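Enquirer: Residue numbers (the numbering used here), protein chains in the order written: chain A, 6 to 462; chain B, 8 to 189; chain C, 29 to 1020; chain D, 16 to 188. Using N, Cα and C, we set each Cβ at its ideal position, and we do this for glycine too. Only a predicted model underlies this, so the values are computations on that prediction, with no experimental measurement involved.
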Amino acid sequence: MAAAVESGITTESPTLIEVDRQAQFAFSPGGVKYWLWVLFCAGLTALGGAYWLHQIYYTFNITGYGQPTMWAVYITNFVFWVGIAHSGTLISAILYLFRVRWRTGIFRLAETMTVFAVATAGLFPLIHLGRVWNFYWLVPYPNERSLQPDFRSPLVWDLFAISTYLTISVMFLFTGMIPDIANAREKATGFRRILYSILSFGWQGTDRQWRNFSMVYLLLAAFATPLVLSVHSVVSWDFAMTQLPGWHSTIFAPYFVAGAIFSGCALVLTLAIPMRRLMKLENLITIWHLDCLSKIVLLTSVVMTYSYATESFMVWYTGDPIELATFHERYFGPQGYWFWLMIFCNCVVPLLLFIPTVRTTTIWLFIVSIFVNIGMWLERFVIISGSLSTNQDPSQWKFYMPFATEIAITIGSFGWFLMNFSLFAKFLPIVSTTELKDGIKYLRQAVREVYPYRRAA
Amino acid sequence: MSEAISLISTFATDEDCARGIEALHAAHIHNFRAFYPYPSEPLLEAANEARGLGRSPVRWWVLTGGLTGFLSAIALTIGTSLEWNLNTGGRPVASIPPYVVIMFELMILFGGISGVIGFFFHSRMPVFDPEPGYRSRFNADKFGLVVQCAENEVSRCESILRGAGAEDIQREAAPAAAAHGH
Amino acid sequence: MSDGLSRRTFLKLAATAGAATAIPGCEPAARKIVPYVIPDENIIPGVPSYYATLCNECDAGCGVIAKIREGRVIKLEGNPNDPISQGAICARGQAALQGVYNPDRLGKPKRRLPDGTLREISWEDALKLLNDRLAAAAKAGKDRVAFIGASQGPTLDKIAVTWAQAYGSSRVAFWARINDEPARAAADACFGRRDLPVYRLNQAQAIVSFGADFLETWGSPVEQTRQFAEFRTPRDGTNGVTIGKAAYVSPRMGLTGAKSDLWVAANPGTEGDVAMAVLNIIASQGWLAKNAAVDAEAVKKFTAAFDPASVSQRSGVAVDQLNQLAAWLGQADGALALAGGDDPQAYIAAYLINALTGNVGRTMVFLEGAPAEATTRPEEVHAIIRAISSGAVDVVVAAGGANPVFTMPSEWGAAAAIKGAPFLVWMGEVPDETAAGAHLLLPTHHPLESWRDSAPRAGVYGLGQPVMQPVFASRPLHDVLISSAQNAAAGQTIAWENAQDAITSAWQDLQGKLAPSANATDFWNQALRTGGAFQEAAVTAVTLKGDVLNTPLAPRAESRSQFTLVGFPHIFFYDGRGANKPWLQEIPEPTNQIVWDGWVEVHPETAARLGLQTYESTYLYGGINVLEIATPSGRLELTANVTPLVKPGVLAAPIGQGHTAYGRYAKGRGVNLWEYLPAGSRAVPVTVRVLEKQYKIVTPLGKSDMMGRSIVEAMSVEELAAGRQPEIVREEEADTPKTAYEMYDPWKYPGHKWGMTVDVQACTGCSACVAACYAENNLPVGGKFEVDRGRIMSWIRIERFIPTAAEAAKAPNLYIAPIMCQQCDHAPCEPVCPVFASHHTPEGLNAQIYNRCVGTRFCENNCPYKVRRFNWFQAEWPEPLNLQLNPDVTVRGPGVMEKCTFCIQRITTAEIDARTANRQLVDGEIITACAQACPARAITFGDLNDPNSAIIKRRLENSARSHNQGRTYTMLPEFNALPQVTYLRSLYWEKA
Amino acid sequence: MGTTNRILIPIALLIFIGGAFTVAFSERPWAPRADVEQPIPFSHRVHAGINKIPCQYCHEYARVSATSGVPPVARCVGCHGSSLLGGIEPITQPWTDTHQPPFEIRWNRVYTLPDFVKFVHKPHIWAGVACQECHGPVETMDRVVPVHEINMGFCLKCHEQRGATQDCFVCHH
């Protein structure tokens, strides 16, 4: 079988079985290098975890936190990861509803990224809590005090939104994956066969199963669409609902959603480009897919530029001196370099995507996507830490710099995300053969016509 | 009923398979089951028509779940607020606008969960034993149509299937109490 | 539990039901209950008892009430009966508790071994050693024993003198570097008497202080703050509403300059010359009082050397300003000139101004029966030091916190002399620099643990009783002295058994003098109950000595040095004795807002000349540039704090830091200025060099610029008189609707509704409220690192903003106001809390439930006033500081938010008392710790639903409905948070 | 695939249910301890039950203070004899570990409240709440054991019934 898999797609018009082989090669057992990589990610996770335990034990004393930056890197990471999650749902749900064909190659990857990004994001409100052992007080549960959370608090909205989002995303990912797992089950042996047998729930692709599958998949997509818009709006309301200058703004919901899709699509690019090379998925995740994705990045980048302009314009137009002072500090204050670096990453670098060659050259796309990731992280950092630093009372202004703890936990979150993602990619179908086969003619077209056919290495 | 025979036919494309279903439907043979590796639109439509079904009942599960979620969110938010009557920031005890977020989220959550449960329920999953006539290629690149018919009807069915473009037809003794439904 | 705790104290402590040291969690506080064997009639566990006693933190002699819970003192408050404190005490007084419970107090007697190490010895051995050495010294000859201590009140000082006499010595010094000698010398020169005048600031219309920082450390700050607040409160004058006019002549602004109308930045040491120039103008303008009975020509001749032009040249004060000061002093109906510092000439000039403008006997009076001088004259102390260094003394006893090694001028060579003494005995609480060289160290009781009395002025006799059992195995200093004296070979009989006996007999004598007809027991009990015997002393008429105008004063030579170093007593550390109290280190010094360090104030102009970072660019922290300052007595290094609140060319540094011993909180911070300042002066010409190295001094304060926001508001007296609202510089105010649109019906508060009013005009920024809050509410102290990270835990802070150049014309010298939780009706912090930890109570309080808090910190993000504090670190109270904790207030663990509660524990207790006694709460029954502590009476707390309450009256008096036309405002109204704390605007005179 | 699922799905369900039970019935360290032994065999039944001594005769601070107070040893002596300094004669057996002074009795606490609960006995006594409502029928017990778990729900139930304050801040500050 190995030989057959390695051959993969060799023709200009791949057959269904070739698609299967190619995809199954991707999640065939990994080699030493793969496990070293997973181990490396696990090490980063352990580092972050150790720092978290250290922080719980020794309190926030070992962080850079202090008055007035009550929120800083942790909430930045939270918003960053939640934002990352959004592009997955966009690609899998919204584009599904619109029957957009280029989603087929990358939607599973994006969805997987969504689930693990939400799972990573969900850790940060906990990491950030002063008394994490009491986090369950945010959840309504029967207790002798009859005391429940305050549903007025945007943080409770957040909890509901994020947990709903995680649940729906997991169900959406898993439901959509059942036929692919069943497909994999048929060729797998040993442990993997048991695993796929359990996870496929005995799927055989009968007409009855497909009929209910199509309906539930459609409805989940229909639910996920408003959900994806609501979740980041709710996250943005964590800020917009307050009275803090720099946060208190009505444009936050669309602005955050656009930013989320921007950063998410960029991270899909960041993940897909090395993956398609390492896992020999070039013919399933084609340049065509990447091109389409990078157009979304370009579009959202321009939307972000517009949002920054609008945000600043609104502040200038209202003439509120407190807001003006905050924005003045944001642009020209002691930490203004964060803002200008963000503008460079989010507004200037993505303009390269106007050039078709950049959109079809993976190395360029990779570089741009890395810049966008950095820029979008900085954007949240500037909004959160910067606005808190320059608050209503000038005597309480103080700028924030992270300590080793926050940096290690941030690195650990990337390790945690990449570890989960890598394990998933090697054990579960990271590309959806079902959908690729459904849209085989578009794939053939992509392979054959739109871009010069390149043989899998 | 005489000895029942399963005819396991294999099709290369979804169009062929759909044609087979339509032909069986036209011949009033309804005791068949289809297997396909991906949800091809023409196939789904053909199968639905052949079985005389509307759309999947999973819809109702989702609707019920969504409504339950919405209503329980109303009960949860307002009920728990009235328990303590706490004043936060001068707002009324039960302030509806912020609760709408909770209602929306629970609606989605309950709707989604009950939809997936409905999917499992109506698909009779988990399936512990393979359906008769299932071939592993039906999950990869081939479309399968398993027709159960009496011995005397085998040749008619075969010809219908071949006419629709079946690549290969195998015969198999049907399980005794196989009742094909949906 | 420290070994030093006596068993009895231990029992009392163990009997407390809920020891307050547990953190919010599920662990029960204590597992054992140990009841008394025989109950103490005066102690009901869980109910505080109160004892009147004396504060001993400075020489002002304030009476205090100590609050005792289960046998330990947990709070000090001013004694309302005491005519000096009148119910308030300063931050230093509040922090006296941390002197009692200081973890660095000496627990047991120690003697120094030949190798320099210290070894614990028993009290018996220690006393034997002491007595043997004393006896040997007494045998060797007369005056071979010296005693250097701080004055502890008339009776105890008498014990020290008697003890010295028992060993044949008269070398007794009651030493304080900051002393009254210049004032006494000036009084002697002017009026022929050496007692101190009593000032009545509230009876003046104009006050000019020539170097007397009377709101910080000079004289009796609590009393002066109260009188000054009264003097500055708007009242009806002949031309409508008016306030007293105040000016402060000094090289640095300080709080006194901040609260005055005019800060006259004079060159260091020229305050006396400025005063003389003012006198010159008064005389030449013919403003001398008719009844002064002095020839104007004589005054002109006397002040001839001080013509305004030349003084202006020397002092750097414009002639116009001199004229203005003269006009205020000469023309006001009741004026007062004060003098401070160590220059007797300044005092003479000020006394002369007061006398010649007819204000002696009015705003400055001498009372009959003035107490004896408490401190020894510096030259006599110097003589004792010379005797010690010449080897004429065998045993030196340094006692009672005088710390001569730290405070004496370096040119006296006191440190070397005292440390070189054959046998140096140190008696005190926390081993200080003097103890570092002592051969025998004896732990003594804290003043709150021992009997004392005081006589701060005529008619005021304070009685200090011990308010708790000693914390350590210490003994009362004067008991040790008495027992030692009884041992003396001289064979004299000592009249007293111990210090308590001495006090009792002294008060029997006093009764004979004050109330001969009264029952002795009644008099004693009354004194114990009220904290002393207080009488109105008669005013003595004084006349100016004839020859004073014939003794010309010499003008101070103009300093040729480019830079002058000025030492000023730190408002909290005074002469250095406060530096071992963590509260005082943690509370920011009001004008510089710097904590846990020494610094040197540098004007931006000077900074530019030296090439330092400018004032704007260093607003994130105190400063980092280290200056090397070369004085005649050596070089010192201090970090520059660039601030416009000091005269250009002047480097002002606080006195009080720079300890090399004196406990963990004091040691190794800043520089001991006393070492570098010459005797009799607090200014010294220096040269300055900027060093390469950097050292960060930290402040919890961000920007010093208020940026035109409505935080600390001010209006001019003219606006107030005319009934105008202040001219608004801010744009947004015009748009802010007067009544905001409300989406929901407002909540009803049918019972009580607590509120507060803070008079910014009265507030001097003395930070007594901050210290009181630390004491009452168990606020943890973080230390320099935590403050630098923005983790200061104070629930109430003194906000200080410097008016920008543009604002200066229409602003007070400094914006100062206390800011605590505003208890908003529309509290932005409440709806964002996910778990209801922050919510509103039915009595209108913004509650923070610590045990419910999970630490999302969302509330602080949404608080416009930034008054919430998060427990970033595990709070620590090294034993026995934890004994000070208030058992009625939860000690917060790490990870929870906390903030001002309006002292809910006091509200709850009073409500329970009223309810169980079946009566209504009385206005004034509940008073928050900050309002109680405020010497200026700037804070009023009360029930907003009670139309007769003091707070409603104060609000009405100052709102637009009354003749005063509206000083009321709320902070940051644009956020529509509806704060229940309202402020009354600060006032200033429009600059002509 | 069939057998595996038939085994694994019930196992997963069992783990879930078992976990829920473990959480629900695990030991709660904050619950009052019924096993508190006292240093002397003092009997509330004899004192409060048989001899009908009112509670506040010994626990005298309850009406004036936050704490009800444990009676001083002198109070015992008041009834039991006057030979305090010679040592109280034990009723049944030696009542301290040593016969030597000090005479203080180191009682073990039965009822504990965390520090963040500021319970005050005084208003409850004045409101006419019987001691037994919280402490149970102490007059029938030889050794006091807690009857109720004194948690917030317990307090609230009574406060609700009596219309007492439900302001969180009154107890938690």
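#1: Please report the distance separating the alpha-carbon of C:G368 from that of C:W905.
#2: Which residues mark the beginning and the end of the alpha helix (DSSP H) in which A:Y447 is found?
#3: According to DSSP, is C:Q876 part of a helix, a strand, or is it coil?
#4: For C:E564, which residues of its own chain have a beta-carbon under 8 Å away from its beta-carbon, when the five flanking residues on both sides are left out?
#5: Pick helix, strand or coil for C:W291, following the three-state DSSP scheme.
#6: Can we say the segment 186-196 of chain C touches the segment 158-166 of chain C, given the rule of at least three CB pairs closer than 8 Å?
#7: Mind listing, in chain order, the continuous alpha helix (DSSP H) runs of no fewer than 4 residues lying wholly within the segment 847-897 of chain C?
#8: Is the segment 25-33 of chain B touching the segment 186-195 of chain A, taking contact as three or more C-beta pairs under 8 Å?
#9: Taking a contact to mean a Cβ-Cβ separation below 8 Å, would you say C:I932 touches C:M784 in this structure?
#10: I want to see whether chain A comes within less than 8 Å of C:E586, judged by CB atoms only; does it?
#11: What is the rounded straight-line gap between the Cα of C:G751 and the Cα of C:G994?
#12: Would you check if the segment 36-55 of chain B and the segment 424-444 of chain A touch, i.e. whether three or more CB-CB distances between them fall below 8 Å?
#13: At what residue ranges does the segment 198-254 of chain C contain a whole run of the beta strand (DSSP E), taking only runs of 3 or more?
#14: Return no unless some Cβ of chain A is closer than 8 Å to the Cβ of B:R163.
#15: When the Cα atoms are used, what is the spatial distance from C:G606 to C:G684?
#16: Would a check of beta-carbon distances place B:H189 closer than 8 Å to chain A?
#17: For a test of the three-state rule: what should DSSP assign to A:W57, helix, strand or coil?
#18: Who are the neighbours of C:W479 on chain B, taking C-beta pairs under 8 Å?
#19: Scan the segment 866-885 of chain C for residues whose Cβ lies nearer than 8 Å to a Cβ of chain D and list them as they occur along the chain.
#20: Measure the C-alpha to C-alpha separation of D:P25 and A:T117 and round it to an integer number of angstroms.
#21: In the DSSP output, which residue or residues are listed as bridge partners for B:S16?
#22: Could you give the C-beta distance for C:L469 and C:K138, rounded to a whole number, given that I count them as a contact under 8 Å?
#23: Rounded to a whole number of angstroms, what is the C-alpha to C-alpha distance between A:P159 and A:S238?
#24: Beta-carbon separation of C:S866 and C:C852 under 8 Å?
#25: Taking Cβ positions only, does A:S158 come closer than 8 Å to chain D?
#26: Pick out the complete alpha helix (DSSP H) segments inside the segment 187-240 of chain A, 4 residues or longer, and give them in chain order.
#27: If the criterion is Cβ atoms closer than 8 Å, does the pair B:L51 and A:S437 meet it?
#28: Any C-beta of chain C within less than 9 Å: which residues of the segment 164-186 of chain D qualify?
#29: Using a C-beta cutoff of 8 Å, does A:R460 count as contacting chain D?
#30: Whose Cβ in chain D lies nearer than 7 Å to the Cβ of C:I72?
#31: To the nearest angstrom, how far is the alpha carbon of C:N874 from that of C:Q1008?
#32: Give the DSSP bridge partners of B:N94, in chain order.
#33: Buried or exposed for C:P774, please, with buried defined as at least 16 other CB atoms from any protein chain shown within 10 angstroms of its CB.
#34: Cutting at 7 Å between CB atoms, please list the residues of its own chain near A:A413, excluding the five before and the five after it.
#35: As an exercise, report each continuous alpha helix (DSSP H) stretch of at least 4 residues that is fully enclosed by the segment 303-391 of chain C, in chain order.
Expert: According to the data block:
#1: 38 Å
#2: 445-450
#3: strand
#4: G487
#5: strand
#6: yes
#7: 886-890
#8: no
#9: no
#10: no
#11: 7 Å
#12: yes
#13: 199-202, 234-238
#14: no
#15: 7 Å
#16: Annotation note: pLDDT 41 at B:H189 (below 50); position unreliable, no value reported.
#17: helix
#18: Those do not exist, as C:W479 stays about 52 Å from chain B at its closest Cβ, beyond 8 Å.
#19: H867, T869, P870, E871, L873, A875, I877, Y878, N879, R880
#20: 28 Å
#21: B:L152, B:I176
#22: 5 Å
#23: 11 Å
#24: no
#25: no
#26: 195-205
#27: no
#28: T180, Q181, D182, C183, F184, V185, C186
#29: Here the model assigns A:R460 a pLDDT of 43, short of 50, so the residue's position is not dependable, and the following value carries that caveat. So, not an interface residue.
#30: Y76, V79, S80
#31: 10 Å
#32: C:H868
#33: exposed
#34: L52, G53, Y56
#35: 324-330, 336-343, 347-359, 372-384
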